[in-house]
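Below: the structure, in structure tokens.
There are 2 protein chains.
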Amino acid sequence: MIEIRPVPGIGEIENGEDLGRILGDALASMAPESGDFLVVTQKVVSKAEGQMVALEDVIPGPRATEIAGAIGKDPRLVELVLAEAVEVLRAERGVIITRHRLGLVMANSGIDCSNVGPGSGERALLLPRDPDASAGRIADAIEARCGVRPGVVISDSFGRPWRNGVVNVAVGCSGVPSLHDKRGETDRDGRTLQATLIAYGDLIASAAGLAMGEADEGVPAVLISGLVLPGTVQPASALVRAVEEDLFR
Amino acid sequence: MIEIRPVPGIGEIENGEDLGRILGDALASMAPESGDFLVVTQKVVSKAEGQMVALEDVIPGPRATEIAGAIGKDPRLVELVLAEAVEVLRAERGVIITRHRLGLVMANSGIDCSNVGPGSGERALLLPRDPDASAGRIADAIEARCGVRPGVVISDSFGRPWRNGVVNVAVGCSGVPSLHDKRGETDRDGRTLQATLIAYGDLIASAAGLAMGEADEGVPAVLISGLVLPGTVQPASALVRAVEEDLFR
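Read top to bottom, the protein sequences are chains A and B.
Just so you know, we're using the working numbering here: the first sequence kicks off at 1006 and counts up by one.
Just so you know, we're using the working numbering here: the second sequence kicks off at 1006 and counts up by one.
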């Protein structure tokens, strides 16, 4: 049986707070075991890492101003979106879809303006600089505090091109078989399996999403127990499809 | 706490078997409660509904033959893919991405050639004709057998354009807030939420995917307990983005 439990007692996370210590303290009361997975929202990781930007400090360039005018967004926000992106895939109907510098294709380069604190209509929250490394540091802190090292997934909510609604995906992982390669395995009748890669990192993030409540920062951390996965440890970056394999640009 | 448990004792499902009765019998030993969700793979639903096609009975037309030659697939399989599709989005690099008649954008119109039974290299399994209706019939059968009516999700594994690996999504739902609309709600600081639609149907399918094991028919049904979701009941068809809102075609 797989169990999914919210991690209690994590309040608002402020800029520069020691999230690993806070998570370790909160988890200590839950008796985590070896093999457990901790899922943490990108939002609290970014806040702890100081990824909040005041829009008043942003000076939009000509391209940001042009795009912002065309799609009706704040040009300072668009400037940040462009600064975080290596490529703009779409900018229409009020939406900017970019390829983030981490390779992630997502709306607004993953920049968030909701639930970023009081008065933060004028603030924007960027993704962590290196979410796989962030996940590793969180695992370090929990291991130091609790004596067990959980798998850690940093999750974010992504839209999908052909499906309505957002789902949670993994943007950072430590100690997780994020992408399991079944190539070479056969089905029970001896045929080679068609779907050869399983995105376990994203499945874990989505399962945790069920326990995170309506406001996606309502429960910023979730512990998953009893989950035994095949495969070898991979970073979340393994979940990013290479540009040359992308059929939809 | 959310609990995810495999439903035991479901063997190979054969053409025309009464899947609702089989699931009801299997669930009876698990003491399902009101508010539980049952996730069932598309594959066993399709088999029970007789959606298996022998390739030797398929005569490929000129378009199927042309596409099959270009991408190196069996022309009879491509004929089936085209027959199930309303549109071909991509046919290259060995992959056909179509819009299925149900609106689902997916590889091979959702047609499966693995784990479809002995000797079935020559057989193909189509999606259920109306998966939302299938989910409702399964809920009916379980209610009749167990006295409680679970939410039912029929899941399939989908690739994603910009991410490696497949994840489980909902292709049929009954009694599930598949798509929760938060529009008009505000975040804790009073700003309107950015991500306004949550694809709970897909999150449930993905959570169950964690318990389904490596071969995706190894565990064809999973029970999820302790999950309380907001929102109103919606069919899985609500998860399909309208063509006119599609930015990636």
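Cβ coordinates follow ideal geometry from the N, Cα and C atoms, glycine included.
Problem - Among GLY1025/A, LEU1131/A, ALA1075/A and PRO1166/A, the one whose alpha carbon lies nearest that of GLU1250/B - result: On the second sequence, position 245 is the one that residue 1250/B refers to. Among GLY1025/A, LEU1131/A, ALA1075/A and PRO1166/A, the Cα nearest to that of GLU1250/B belongs to PRO1166/A.
Problem - Rounded straight-line distance, which links the Cα of ALA1112/A to that of ILE1076/A - result: Here residue 1076/A refers to the residue found at position 71 when the first sequence is read from its first residue. Here residue 1112/A refers to the residue found at position 107 when the first sequence is read from its first residue. Between ILE1076/A and ALA1112/A, the C-alpha separation is close to 13 Å.
Exercise for the section: Examine the Cβ distances between the stretch 1033-1042 of chain A and the stretch 1102-1117 of chain A and report whether three or more of them are shorter than 8 Å. Expected result: With the cut-off at 8 Å, the stretch 1033-1042 of chain A and the stretch 1102-1117 of chain A do not touch.
Exercise for the section: Would you mind working out which of GLY1206/B, LEU1085/B, ARG1168/B and GLU1008/B sits nearest ASN1132/B, comparing C-alpha positions? Expected result: Within the second sequence, numbered from 1, the residue matching residue 1132/B stands at position 127. Checking the sequence shown, residue 1132/B turns out to be Leu, not Asn. Checked all of GLY1206/B, LEU1085/B, ARG1168/B and GLU1008/B; the closest Cα to LEU1132/B is LEU1085/B.
Handout entry: Close-in-space but distant-in-sequence residues of the same chain around GLU1061/B (CB under 7 Å, 5 per side omitted)
Key = For this step, residue 1061/B is matched to residue 56 along the second sequence. Within the same chain, Cβ atoms closer than 7 Å to the Cβ of GLU1061/B are found at GLU1127, the five residues on either side in sequence being excluded.
Handout entry: Proximity of ALA1096/B and ILE1072/B at Cβ, strictly below 7 Å
Key = Here the question's residue 1096/B lines up with position 91 in the second sequence. Here the question's residue 1072/B lines up with position 67 in the second sequence. Result yes, Cβ atoms of ALA1096/B and ILE1072/B sit closer than 7 Å.
Problem - Nearest-angstrom Cα separation, counted from PRO1067/B out to SER1160/A - result: Taking the first sequence and counting its residues from 1, one reaches residue 1160/A at position 155. Taking the second sequence and counting its residues from 1, one reaches residue 1067/B at position 62. Cα to Cα, SER1160/A sits roughly 46 Å from PRO1067/B.
Exercise for the section: Could you pull out every residue in the same chain whose Cβ sits closer than 8 Å to the Cβ of GLY1115/A, ignoring the five residues on either side in sequence? Expected result: For the purposes of this step, residue 1115/A is taken as the residue at position 110 of the first sequence. Excluding its 5 nearest sequence neighbours in each direction, GLY1115/A has C-beta neighbours in its own chain below 8 Å: GLN1047, GLU1089, HIS1105, LEU1109, LEU1131, LEU1132, ASP1161 and VAL1176, listed in chain order.
Problem - Member of GLY1218/A, LEU1228/A and VAL1224/A whose CA lies at the smallest distance from the CA of ILE1209/A - result: The residue you call residue 1209/A lines up with position 204 of the first sequence. The residue with the shortest Cα to Cα distance from ILE1209/A is LEU1228/A.
Exercise for the section: Indicate whether the contact test is met: 3 or more Cβ pairs, each with one atom in the stretch 1177-1188 of chain A and one in the stretch 1236-1249 of chain A, closer than 8 Å. Expected result: Cβ pair count under 8 Å is three or more, so yes.
Handout entry: Cβ of ALA1096/A within 7 Å of any chain B Cβ
Key = Translated into the one-based positions of the first sequence, residue 1096/A becomes position 91. Not closer than 7 Å to any Cβ of chain B, the Cβ of ALA1096/A fails to qualify, so no.
Exercise for the section: State the DSSP-derived secondary structure class of GLN1264/A, mapped to helix, strand or coil. Expected result: Because chain A spans 1006 through 1254 in this model, residue 1264/A falls outside it and cannot be assessed.
Problem - Short Cβ contact (7 Å threshold) for LEU1087/B with ALA1069/B - result: For the purposes of this step, residue 1087/B is identified with residue 82 of the second sequence, where counting begins at 1. For the purposes of this step, residue 1069/B is identified with residue 64 of the second sequence, where counting begins at 1. The criterion of a C-beta distance shorter than 7 Å is satisfied by LEU1087/B and ALA1069/B.
Practice task
At 8 Å on the CB atoms, spell out the chain B contacts of ILE1209/A, in chain order.
Solution key: Taking the first residue of the first sequence as 1, we reach residue 1209/A at position 204. Here the neighbours are LEU1215.
Exercise for the section: Answer with buried or exposed for GLU1222/A, where buried requires no fewer than 16 other C-beta atoms within 10 angstroms of its C-beta. Expected result: Here residue 1222/A corresponds to residue number 217 of the first sequence, with the count starting at 1. Because the pLDDT at GLU1222/A is just 48, under 50, the model does not fix this residue reliably, and the value given afterwards should be weighed accordingly. Its Cβ being crowded by 16 or more others within 10 Å, GLU1222/A is buried.
Exercise for the section: Give every residue of the same chain whose Cβ lies closer than 8 Å to the Cβ of ILE1147/B, excluding the five residues on either side of it in the sequence, and list them in chain order. Expected result: Numbered from 1 along the second sequence, position 142 holds the residue referred to as residue 1147/B. Sequence-distant partners of ILE1147/B (beyond 5 residues in either direction) whose C-beta falls short of 8 Å from its own C-beta, in its chain, are GLY1025, LEU1028, GLY1029, LEU1032, PRO1037, LEU1043, VAL1153, ARG1154, PRO1155 and VAL1157.
Practice task
Write down every uninterrupted run of the alpha helix (DSSP H) in the stretch 1168-1249 of chain B whose length is 4 residues or greater and which is fully enclosed by it, in chain order.
Solution key: As far as the stretch 1168-1249 of chain B is concerned, its whole alpha helix (DSSP H) runs of at least 4 residues are 1205-1214.
Practice task
Just mark VAL1172/B as buried or exposed, buried being the case when its beta carbon has 16 or more other beta carbons within 10 Å.
Solution key: To locate residue 1172/B, count along the second sequence from 1; it is residue 167. Per the 10 Å Cβ criterion, buried.
Handout entry: Every unbroken alpha helix (DSSP H) inside the stretch 1054-1102 of chain A [4 residues or more]
Key = With a minimum length of 4 residues, the continuous alpha helix (DSSP H) runs that stay inside the stretch 1054-1102 of chain A are 1067-1076 and 1080-1089.
Exercise for the section: May I have the straight-line CA-CA distance separating GLY1164/B from THR1201/A, to the nearest angstrom? Expected result: By one-based count along the second sequence, residue 1164/B stands at place 159. By one-based count along the first sequence, residue 1201/A stands at place 196. Taking the straight line from one Cα to the other gives about 10 Å.
Handout entry: Nearest-angstrom beta carbon gap, ALA1059/B and GLU1022/B [assumed within contact, 8 Å]
Key = On the second sequence, residue 1022/B is found 17 positions in, with the first residue counted as 1. On the second sequence, residue 1059/B is found 54 positions in, with the first residue counted as 1. Contact flag wrong, Cβ pair sits at about 18 Å.
Exercise for the section: Report the neighbours of ARG1188/A on chain B: residues whose CB is nearer than 7 Å to its CB, in chain order. Expected result: For the purposes of this step, residue 1188/A is taken as the residue at position 183 of the first sequence. Residues of chain B with a Cβ closer than 7 Å to the Cβ of ARG1188/A do not exist; the shortest Cβ-Cβ separation is about 12 Å.
Handout entry: Where PRO1225/B falls, given that 16 or more other Cβ within 10 Å makes a residue buried
Key = Within the second sequence, residue 1225/B is the residue found at index 220, counting from 1. Note on PRO1225/B: 16 or more other CB atoms within 10 angstroms of its CB, so buried under the neighbour-count rule.
Exercise for the section: Tell whether a beta-carbon distance below 7 Å holds between ALA1204/B and GLY1170/A. Expected result: Against the second sequence, residue 1204/B aligns to sequence position 199. Against the first sequence, residue 1170/A aligns to sequence position 165. Yes; because the gap between Cβ atoms is below 7 Å, this pair is in contact.
Practice task
Let me know if SER1034/A comes out buried or exposed under the rule of 16 or more other beta-carbons within 10 Å of its beta-carbon.
Solution key: On the first sequence, position 29 is the one that residue 1034/A refers to. Exposed.
Handout entry: Selected residue, minimal CA-CA separation from GLU1017/B, among SER1051/B, VAL1233/B, VAL1174/B and GLU1008/B
Key = Walking along the second sequence from the start, residue 1017/B turns up at place 12. The candidate whose alpha carbon is nearest that of GLU1017/B is SER1051/B.
Exercise for the section: Taking LEU1244/B as the reference, give the member of GLY1231/B, VAL1174/B, GLY1214/B and LEU1215/B with the closest Cα. Expected result: Looking up residue 1244/B in the second sequence gives position 239. When GLY1231/B, VAL1174/B, GLY1214/B and LEU1215/B are compared, the shortest CA-CA separation from LEU1244/B is found for VAL1174/B.
Handout entry: Short CB-CB distance (under 7 Å) between VAL1172/B and chain A
Key = Counting from one through the second sequence, the residue named residue 1172/B turns up at place 167. Nearest CB-CB separation between VAL1172/B and chain A: below the 7 Å threshold.
Handout entry: Interfacial residues, the stretch 1151-1179 of chain A to chain B, with Cβ spacing under 9 Å
Key = So the close ones are SER1162, PHE1163, GLY1164, ARG1165, PRO1166, TRP1167, ARG1168, ASN1169, GLY1170, VAL1171, VAL1172, ASN1173 and VAL1174.
Handout entry: Chain-ordered chain A contacts of LEU1252/B [CB-CB under 9 Å]
Key = Here the question's residue 1252/B lines up with position 247 in the second sequence. Neighbours of LEU1252/B in chain A, taken as residues at a C-beta separation under 9 Å, are given in chain order as LEU1094, ARG1095, GLU1097, ARG1098, VAL1100, ILE1102 and PRO1166.
Handout entry: When CYS1118/A, ILE1009/A and SER1211/A are compared against ASP1079/A, the one with the closest alpha-carbon
Key = Numbered from 1 along the first sequence, position 74 holds the residue referred to as residue 1079/A. Ranking the options by Cα distance to ASP1079/A, first place goes to CYS1118/A.
Problem - Contact check, SER1179/B vs GLY1141/B, beta carbons under 7 Å - result: Here residue 1179/B corresponds to residue number 174 of the second sequence, with the count starting at 1. Here residue 1141/B corresponds to residue number 136 of the second sequence, with the count starting at 1. Yes.
Problem - Beta-carbon proximity check, ILE1007/B vs LEU1232/B, cutoff 7 Å - result: Translated into positions along the second sequence, residue 1007/B becomes position 2. Translated into positions along the second sequence, residue 1232/B becomes position 227. Contact flag set, yes.
Exercise for the section: Determine the chain B residues that contact GLU1061/A at a beta-carbon separation under 8 Å, and present them in chain order. Expected result: Stepping through the first sequence from its first residue, residue 1061/A is reached at position 56. None at all; the shortest Cβ gap to chain B is about 17 Å.
Exercise for the section: Classify GLU1008/B as helix, strand or coil using the three-state DSSP reduction. Expected result: Position 3 of the second sequence holds residue 1008/B. DSSP places GLU1008/B in strand when its eight states are reduced to three.
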